[in-house]
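Each remark here refers to the structure printed beneath this line.
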Amino acid sequence: MRATWLTDIHLNFLRPLALKAFYDQIVAEQPQVLLVTGDIGESDSVVRFVTELGQLAPIYFVLGNHDYYRSSIAAVRGAMERLAQTPAGDNATWLPAHEPMRLTPHTMMLGVDGWGDARCGDLESTVQLSDWKLIDDFKRAKDDRALRIEICKRLGSNEARALRDKLELTSEAKQLLVLTHVPPFEEACVYGGEPSTPPWLPWFTCIATGEVLKAHAEAHPDQQILVLCGHSHGAGSFRPLPNLEVRTGGWAAGQQEYGNPIVQQTIEV
Ligand SMILES: [Fe+2]
Ligand SMILES: [Fe+2]
4 MRATWLTDIH
14 LNFLRPLALK
24 AFYDQIVAEQ
34 PQVLLVTGDI
44 GESDSVVRFV
54 TELGQLAPIY
64 FVLGNHDYYR
74 SSIAAVRGAM
84 ERLAQTPAGD
94 NATWLPAHEP
104 MRLTPHTMML
114 GVDGWGDARC
124 GDLESTVQLS
134 DWKLIDDFKR
144 AKDDRALRIE
154 ICKRLGSNEA
164 RALRDKLELT
174 SEAKQLLVLT
184 HVPPFEEACV
194 YGGEPSTPPW
204 LPWFTCIATG
214 EVLKAHAEAH
224 PDQQILVLCG
234 HSHGAGSFRP
244 LPNLEVRTGG
254 WAAGQQEYGN
264 PIVQQTIEV
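Here this note's numbering is used: the first residue of the sequence shown is 4, the next is one more, and so on.
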């Protein structure tokens, strides 16, 4: 099965002609399914974009932090659950709301959004994320670093718990595809071909989901696990165990601006 992987496409930055050209580029890959690892648009556009992508090929996706901008996590997740009840939802599946799905006879697929969980790097970092201004859940922590860190940790733990519950249902699958937005290991958090630096790592790595993935992979050495993620906008691959590979999707080489989405890869599943 031809599966075309997209991540961090941030389609809200594209004007109509550029958006059409990007959709044409996706169609040229002749995908049978689209796998999208978050940062698709923002809260007011993500439903529209996943619906449009679903008209190109069935899309299976997770959300990224930008998809929650100008709203709350609960409100956007509610919108995903409502989308599932509409005809557009037949072709656009938000994986966190689903049990693991069988993509091919040997391959199961699942997804969780993930969250930068402030468990590595420099927590005194002066990096300021737009998340903290634009996602309602962070507004109460506006001037409170400790509370912000606590919120990030809680979000990461929730994602890890959801991931563990899903992984438990996949024991008999020979191959497992995991979609998540936030790199689950420091080594998978790359930008411009280099590892992300300590000030960025707390907000760009989800240590909690990484711990769950590693424990699952160790307990199931015969299962081949491929994790697709994004968020750090740098392409890379990290293999913490022989049966666990994490592929991080990024921008085109030399590109540092929103509004230039690319197809990451079309893989044969
Ligand atoms: Fe992004
Ligand atoms: Fe992101």
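The beta carbon of each residue, even a glycine, is placed where N, CA and C say it ideally should be.
Extent of the continuous beta strand (DSSP E) run through residue i
i	result
Pro243	239-244
Arg5	5-9
Ile76	Not the beta strand (DSSP E): Ile76 falls in the alpha helix (DSSP H), residues 76-86.
Trp97	95-97
Leu180	178-182
Glu277	This structure leaves residue 277 out entirely; the chain is present only between 4 and 272.
Tyr63	62-65
Ile12	Neither: Ile12 is in no beta strand (DSSP E) and is coded neither H nor E.
Val185	Element bounds for Val185: n/a, residue is neither H nor E.
Gln227	227-232
With 16 other Cβ atoms within 10 Å as the buried cut-off, status of residue i
i	result
His109	exposed
Ala1	Look at the range of the chain in this structure, 4 to 272, and you will see that residue 1 is not part of it.
Ser174	exposed
Glu162	buried
Asp70	buried
Glu171	exposed
Limits of the alpha helix (DSSP H) - the one that residue i falls within
i	result
Tyr26	19-31
Glu153	148-170
Arg51	49-59
Phe141	139-142
Three-state secondary structure (DSSP) of residue i
i	result
Trp206	helix
Thr173	coil
Gly114	strand
Leu106	coil
Thr212	helix
Glu260	coil
Glu45	coil
Pro34	coil
Pro224	coil
Glu271	strand
Pro201	coil
Tyr72	coil
Identity of the residue in the options nearest residue i by Cα
i	options	result
Ile62	Lys23, Gly213, Leu113	Leu113
Gly124	Glu190, Val50, Arg80	Glu190
Val39	Tyr194, Glu260, Gly253	Gly253
Gly237	Trp97, Val49, Val185	Val185
Lys177	Tyr261, Ser75, Leu106, Gly119	Leu106
Asn15	Glu127, Asp42, Leu59	Asp42
Rounded straight-line distance, which links the Cα of residue j to that of residue i
i	j	result
Ala24	Leu17	10 Å
Ala31	Val266	10 Å
Leu204	Phe241	16 Å
Glu214	Pro187	8 Å
Thr129	Glu197	20 Å
Met4	Leu22	26 Å
Lys217	Leu180	14 Å
Ser48	Ala211	29 Å
Val230	Trp206	19 Å
Asp140	Asp146	13 Å
Q: When you get a sec, list the residues whose CB is within less than 5 Å of any heavy atom of ligand 4, chain order please.
A: As far as ligands go, the structure on display features ligand 1 and ligand 2 and does not contain ligand 4.
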